[in-house]
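Only one structure is covered here, and it is reproduced in the block below.
Residue numbers (full-length UniProt numbering), protein chains in the order written: chain A, 1 to 305; chain B, 1 to 305; chain C, 1 to 305; chain D, 1 to 305.
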């Protein structure tokens with residue numbers, strides 16, 4: 001397995017030149033475009049890594065399915081999906097339009113920014129500090145990595161440049177979808193996006209979802225089977241921005257990408273995979289990372305379809 | 001003239017029951033639905049009033065053409081229209097959609113909220129206090145009423161409930177159309193909307209625009225002919241929200257309405273008219289006020305078309 | 001007057017090079033980009049011409065306000081405006097979108113293609129031949145030119161390439177806005193657009209509308225005052241495609257343009273103007289023609305605002 | 001298995017009263033709202049039926065993934081997906097809007113009407129008769145039922161009432177996405193939708209896709225593994241109209257529904273399922289059929305997520 005991963009990384013590193021690191025958040029623009037790394041963990045907890053697997057990067061949108069799981073645990077499925085829909089939207093991740101044209105104006109799904117902000121607003125805690133603690137602890141639990149922390153520079157960078165997310169949040173408030181202090185909710189959301197991870201962290205979270213919520217390292221249940229399934233479904237229908245359909249056809253693995261360059265994958269009953277490649281294509285997905293996953297999927301016949 | 005106005009008010013007061021006072025701002029909901037008043041001023045400064053002409057109400061969107069005039073005086077026509085368009089939008093006044101779907105994402109015109117917020121952001125002053133002073137002074141000058149003031153209760157009410165305008169403003173900032181402190185800009189905008197007026201104030205502003213910017217009481221120029229013309233044009237193409245086209249056909253007078261129940265009209269070379277009737281139709285226009293204007297227009301053949 | 005027109009044509013002919021003749025209909029692409037002509041007729045029937053005033057061209061969208069007048073005469077204002085709205089749309093002339101997103105799905109106004117097709121479908125006649133006869137006769141009557149005919153080559157060219165209009169028409173039928181044989185309705189519409197005129201024809205139609213429907217050559221009433229007013233109102237709010245607002249500010253004359261290069265103008269109580277310049281800007285208006293009208297308006301203070 | 005199916009049908013038949021048969025095509029309105037039937041076929045070709053499994057009904061949108069498979073065989077994946085996208089749209093199945101607002105204007109995916117019409121237009125044949133023959137033969141081959149035929153009454157009913165599809169087709173032609181005789185293409189499309197099937201036909205097609213394209217009755221390959229996978233992917237991301245996301249979460253089986261009341265399901269490596277229940281919910285899916293599938297999926301742990 002390690003040998004195959006090395007070969008796949010080697011074959012695909014050249015594609016990093018076809019994209020660019022994200023620049024809309026100044027801190028992200030500092031990423032190294034050539035980086036490419038992968039980690040694979042199977043249900044027996046065997047761990048394989050290759051390439052630039054030791055890089056730390058911010059989780060960004062890969063956090064969305066994870067905070068969704070926590071919000072469902074905190075509020076129940078019915079409550080959560082009374083405020084966020086379950087359907088792919090066909091629009092860019094930061095779109096506002098459907099909030100205006102489609103009634104009721106709840107966000108289409110928890111993977112677009114509007115939906116993810118609603119989800120973050122539902123995480124419980126007596127104040128923002130407690131909410132952040134609970135969120136961080138849940139990310140640490142699912143990744144089996146008690147050292148996960150928020151990258152303060154990236155968090156500040158997101159906070160300063162987050163006016164589009166502010167617009168979305170105030171619109172949601174004016175429509176009665178979220179409530180309370182908007183700047184506080186956004187603060188938590190920006191911190192969530194700025195949690196720092198490695199490909200191993202992503203692979204382990206993917207593996208624990210692949211095992212339907214059981215920690216593969218010790219057999220303890222972290223989330224319910226139903227939540228694990230729900231999360232993986234969203235990763236297929238809207239995990240790769242508006243390239244989710246094409247990715248499902250070509251790769252066929254539940255996956256969630258982020259503009260930090262990370263992709264978390266969960267192959268039910270088989271594998272968790274983490275990929276990092278900060279050079280992004282026009283839709284915001286890791287350009288070489290997608291190719292790495294396509295090769296892994298074909299070699300190991302991992303498509304769920 | 002006075003007799004005709006009395007008759008028209010009497011005939012149309014019954015229609016106030018077909019609408020309702022605005023409720024989205026709690027303070028506005030306190031208005032008296034049955035009120036209906038009018039003031040007409042001709043180019044010889046003759047002033048005629050009828051009905052509930054003594055009521056004070058907040059100017060709301062009627063302020064938009066006035067602040068536009070000031071913004072053009074402060075920045076020049078070219079600068080202003082590099083940041084706001086000149087076209088009717090076909091969408092509701094508080095719509096966000098076209099900012100996303102049409103590029104460049106400048107607001108369609110200065111009469112929708114998005115455009116009006118940009119206009120307010122362009123009013124000059126070293127700080128918000130000076131900007132407010134300059135704005136108030138200009139409104140006082142055009143209405144020949146040095147006592148105009150902001151209604152603090154309505155202002156506070158707008159500020160507290162203004163999340164949709166916040167959403168619009170942050171979206172404009174994220175698109176680079178406005179700059180600086182959003183809450184400060186909105187504060188000025190909410191104060192502008194909360195300036196308290198009577199129908200006579202509106203009629204006088206309309207009369208001074210009808211005279212192409214000359215103060216009809218003393219012959220002094222307040223704004224240039226070109227600005228007066230520009231303002232009246234917007235009052236025709238987008239002055240009555242998304243009922244502007246129908247109003248132009250049925251009444252044919254440059255007019256701007258506000259959810260406070262006021263309508264300011266300017267018949268070029270002939271009259272200024274102010275109407276107040278806080279009972280609004282579904283599009284946000286004074287339901288009896290529109291009928292009053294239709295009757296005045298027909299009786300006096302005032303349509304510009 | 002003649003001298004002034006000569007000077008204005010001469011000054012603006014150079015701007016023809018800034019645009020291009022329409023190419024979406026093959027026959028239109030044969031136009032001469034450098035052509036520029038004008039005709040002005042006052043209420044005393046004095047007629048002034050300059051430039052390429054002798055060119056024949058197809059009327060295209062300039063026919064829309066004329067067929068609207070006939071449809072109102074045939075069906076009454078209420079019937080007509082139960083199937084077409086009165087509001088500017090803010091979208092391009094051939095847009096389909098609002099038919100889907102805004103309910104009820106009647107076209108926004110009679111100046112966009114969707115609305116104009118509905119209007120044409122309402123012209124009375126026992127069959128298409130009679131409808132065409134009645135339409136042609138009305139155009140001849142309003143232009144005082146009994147020789148107006150359909151240009152068969154342009155008509156055929158429009159018919160062959162009119163798939164977008166077919167899409168619009170079938171959508172209107174599926175929504176229950178129009179009824180009957182779609183290809184027959186479109187046939188009449190394509191013929192209407194292919195009526196061949198000169199600038200004098202346009203100026204005379206504009207003059208007869210400027211006189212509120214009275215034939216200025218003989219004092220006979222052609223259309224009612226209300227219809228003449230209604231038509232001129234649409235010419236202001238949506239006569240110049242999605243540049244209507246800017247044109248109203250800069251020129252301020254009720255005007256309707258067509259992709260054939262013609263513009264018909266009607267200055268209430270004063271003038272009718274016809275302009276021809278087939279070199280179009282990006283919005284579909286005659287690029288030099290707009291400048292000619294701006295100069296005429298400023299020289300003679302013709303803005304209605 | 002038979003016993004479980006009987007129980008599931010019995011438990012869910014009451015939900016047929018929560019929906020209604022489709023009425024937009026007059027022939028469909030004749031369906032019996034109470035009908036509910038199911039057929040399940042496993043990879044060993046064991047066939048289980050229950051309820052109203054003997055009803056014949058028209059395939060409608062369930063034909064879309066099948067004709068997609070044939071179009072890919074005829075033209076190659078690359079050609080097909082240069083004219084139709086791979087992404088869920090978030091809009092209703094018969095929406096036109098995105099063809100206008102998103103460029104290039106190719107339909108979002110082959111499961112919405114716009115995409116399906118493009119797919120049908122790509123089926124090869126020297127004339128429409130040959131195309132229909134080839135299409136029918138392919139449907140017969142995949143369902144192992146050589147008696148499949150077009151229901152002429154439903155076909156005529158669709159043809160007469162198909163104006164919205166005509167609008168879509170002409171818009172696609174005007175954008176250069178399809179070519180040739182629109183009425184001919186639509187004729188083939190309406191016939192495709194009117195092919196008459198039973199739940200066993202649907203189950204068998206689903207089973208042969210579940211086996212990655214191998215005829216489970218005789219081991220012969222019908223379509224390539226890649227095509228079978230591609231088809232199943234679309235069934236997940238956009239198979240159940242704009243309830244696809246919710247269905248994926250609650251049921252988790254690649255499925256395609258039609259307004260005739262049928263649903264075809266394909267559980268990779270396990271089962272084909274056909275369901276029939278013409279009582280539809282607001283999104284156009286069989287209201288009791290969805291519940292039957294949910295029960296089967298839970299009892300047998302069939303979710304792919």
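C-beta: ideal position from N, C-alpha, C; glycine also.
Alpha-carbon to alpha-carbon, residue j and residue i
i: residue 297/B; j: residue 92/A; result: 49 Å
i: residue 267/D; j: residue 175/A; result: 40 Å
i: residue 209/D; j: residue 109/A; result: 29 Å
i: residue 198/B; j: residue 46/C; result: 48 Å
i: residue 44/B; j: residue 180/B; result: 44 Å
i: residue 135/A; j: residue 100/A; result: 30 Å
i: residue 6/B; j: residue 71/C; result: 38 Å
i: residue 115/A; j: residue 66/A; result: 13 Å
i: residue 166/D; j: residue 26/A; result: 49 Å
i: residue 52/D; j: residue 105/D; result: 42 Å
i: residue 96/B; j: residue 193/B; result: 19 Å
i: residue 240/A; j: residue 16/A; result: 18 Å
i: residue 195/A; j: residue 28/A; result: 13 Å
i: residue 42/C; j: residue 217/C; result: 10 Å
i: residue 252/B; j: residue 236/C; result: 11 Å
i: residue 54/C; j: residue 37/C; result: 8 Å
i: residue 117/A; j: residue 168/A; result: 9 Å
i: residue 113/A; j: residue 183/A; result: 15 Å
Whole-number beta carbon distance between residue j and residue i, since they are thought to touch under 8 Å
i: residue 257/A; j: residue 61/A; result: 7 Å
i: residue 87/A; j: residue 242/D; result: 6 Å
i: residue 33/C; j: residue 94/C; result: Not a contact, Cβ separation roughly 23 Å.
i: residue 74/B; j: residue 122/B; result: 6 Å
i: residue 142/C; j: residue 191/C; result: Rounded, the Cβ-Cβ distance is 17 Å, inconsistent with contact.
Residue i beta carbon near the ligand FAD (any heavy atom closer than 6 Å)
i: residue 77/D; result: Among the components modelled here there is no ligand, and therefore nothing to report on the ligand FAD.
is_contact[residue i, chain B] using C-beta, thresh 7 Å
i: residue 173/A; result: yes
i: residue 164/A; result: yes
i: residue 89/C; result: yes
i: residue 100/A; result: yes
i: residue 86/C; result: yes
i: residue 189/A; result: no
CB contact check: residue i to chain D, cutoff 7 Å
i: residue 167/C; result: yes
i: residue 122/C; result: no
i: residue 246/A; result: yes
i: residue 229/A; result: yes
i: residue 47/A; result: no
CB contact below 7 Å: residue i versus chain A
i: residue 97/B; result: yes
i: residue 212/B; result: no
Closer than 7 Å to chain C by CB, residue i
i: residue 24/D; result: no
Q. Which ranges would you report for the alpha helix (DSSP H) in the stretch 191-229 of chain A if only whole runs of at least 4 residues count?
A. 199-210
Q) At a cut of 8 Å, does the stretch 273-284 of chain A reach the stretch 17-31 of chain B through at least three beta carbon pairs? A) no
Q.
At 3 residues or longer, what runs of the beta strand (DSSP E) sit wholly inside the stretch 236-282 of chain D?
A. 255-257, 262-267 and 271-276
Q.
Any contact between the stretch 74-85 of chain D and the stretch 269-279 of chain D? By contact I mean 3 or more CB pairs, one from each, below 8 Å.
A. no
Q) Taking only runs of the alpha helix (DSSP H) that begin and end inside the stretch 59-114 of chain B, which ones reach a length of at least 4 residues, in chain order? A) 63-75, 77-83 and 97-101
Q) What runs of the alpha helix (DSSP H), each 4 residues or longer, lie entirely inside the stretch 129-182 of chain C? A) 152-160 and 163-174
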